[in-house]
Structure formats: structure tokens, C-alpha cells
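Written below as C-alpha cells is the structure these notes are about.
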Amino acid sequence: MISEESKARFAKEVAKYPADQKQSAVMACLAIVQQELGYVSTESEEQVAAYLGMAPMAVHEVTTFYNMYNQKPVGKYKLNVCTNLPCQLRDGGRALEHLEHKLGVHMGETTPDGLFTLQQCECLGACADSPVLLVNDQTMCSFMSNDKLDQLVDGLRAAGDK
Numbered sequence: 002m003i004s005e006e007s008k009a010r011f012a013k014e015v016a017k018y019p020a021d022q023k024q025s026a027v028m029a030c031l032a033i034v035q036q037e038l039g040y041v042s043t044e045s046e047e048q049v050a051a052y053l054g055m056a057p058m059a060v061h062e063v064t065t066f067y068n069m070y071n072q073k074p075v076g077k078y079k080l081n082v083c084t085n086l087p088c089q090l091r092d093g094g095r096a097l098e099h100l101e102h103k104l105g106v107h108m109g110e111t112t113p114d115g116l117f118t119l120q121q122c123e124c125l126g127a128c129a130d131s132p133v134l135l136v137n138d139q140t141m142c143s144f145m146s147n148d149k150l151d152q153l154v155d156g157l158r159a160a161g162d163k
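Residue numbers (the working numbering): 2 to 163.
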């Protein structure tokens with residue numbers, strides 16, 4: 002399932018650590034898997050575990066702990082809305098509800114066209130900028146009013162249709 006090219010990339014990551022600590026490369030290996038497959042499946046977790054000499058459950062614990070690892074296929078644009086308490090107090094929940102309505106899906110679902118997956122997440126470290134969301138685990142969007150959320154979705158939709 003995991004390509005030889007990805008396994009070669011695993012080897013480069015493992016080489017960064019002492020030989021008896023190769024499990025330290027687990028996060029990097031999971032990121033490589035996700036880049037190749039689009040998500041981290043149970044089967045790929047098992048392959049990473051075997052490669053690193055870890056128990057599959059230990060790899061699964063890493064996959065499920067961090068938001069950045071998708072455990073199933075997601076849309077082209079993954080929107081993670083912070084709903085931790087400080088953000089909830091500053092309209093994080095409202096932003097999530099607005100996106101559910103705008104996209105026509107509930108939290109945890111992907112739009113029928115495959116463009117958007119809507120998720121909630123824990124702290125993004127920008128409580129003072131709430132409501133905040135993270136696009137594709139890379140781009141932080143702050144102070145997201147309903148108008149700004151609409152502009153974001155409309156812009157991504159237009160880009161995704163190209």
C-alpha cells in the first residue's frame with residue numbers, strides 16, 4: 002500500500018534519530034503516508050508500526066491524537082474550526098454553525114462535491130483572534146465573521162472548480 006518512494010522518505014526521517022529511537026519519526030512517517038494516500042488508514046498505520054518497530058496501537062494513538070492526520074478521505078479543503086472553550090466564548094460555535102448551514106453538511110462530514118470537509122478542533126493557539134479556523138492544516142484564518150466565512154468558502158469553491 003505504501004510506495005517504495007515513501008518508504009525511502011521514511012528512511013531519511015528515521016536517520017535523524019539515534020538507531021534505538023527510530024519511533025521518534027512516527028509523526029513524520031504518518032505525514033508522508035497522508036501526503037501519498039490523502040489519509041492515514043488502519044492498514045497504513047500497521048505498515049508504519051512495522052517499519053518503526055512499534056505496536057500498531059501506539060501509532061494509532063498518535064494518529065487519533067492529532068487533528069492533522071485524516072483517518073478517512075477528506076475533501077479538497079479541510080476546515081477545522083476551533084471550538085475550545087475560549088473560542089466558544091468568542092463565537093467559535095457560531096462560526097461552526099454558520100459553516101454547517103453554508104456548506105449543507107454537519108461537523109465531521111464532507112460536501113457531496115468532495116470540496117469541503119468540516120471539522121471542529123481543539124486549541125489553535127489564537128484565542129484572542131477567535132473565531133479561528135485552519136484550512137488544510139496550514140492556513141490560519143482569524144476573526145472569522147459570517148461575511149468572512151462566506152468569502153472564504155466562495156473563494157475556495159471558485160478555486161476548487163478550476
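Virtual Cβ for every residue (Gly too), placed ideally from N, Cα, C. Just so it is clear, the structure is predicted and the values come from calculations on it, not from any experiment.
In the DSSP assignment, the residues bridged to residue 134 are 82 and 142. In this structure, 102 is the residue among 125, 54, 123 and 102 with its C-alpha nearest to the C-alpha of residue 117.
Under the three-state reduction of DSSP, residue 72 is assigned to coil, being neither helix nor strand.
In this structure, the beta-carbon distance from residue 90 to residue 150 does not fall below 8 angstroms. Cα atoms of residue 30 and residue 54: separation of roughly 13 angstroms, rounded to the nearest angstrom. In the structure shown, residue 88 falls within a helical segment according to DSSP collapsed to helix, strand and coil. By the neighbour-count definition (other C-beta atoms within 10 Å, threshold 16), residue 132 is a buried residue.
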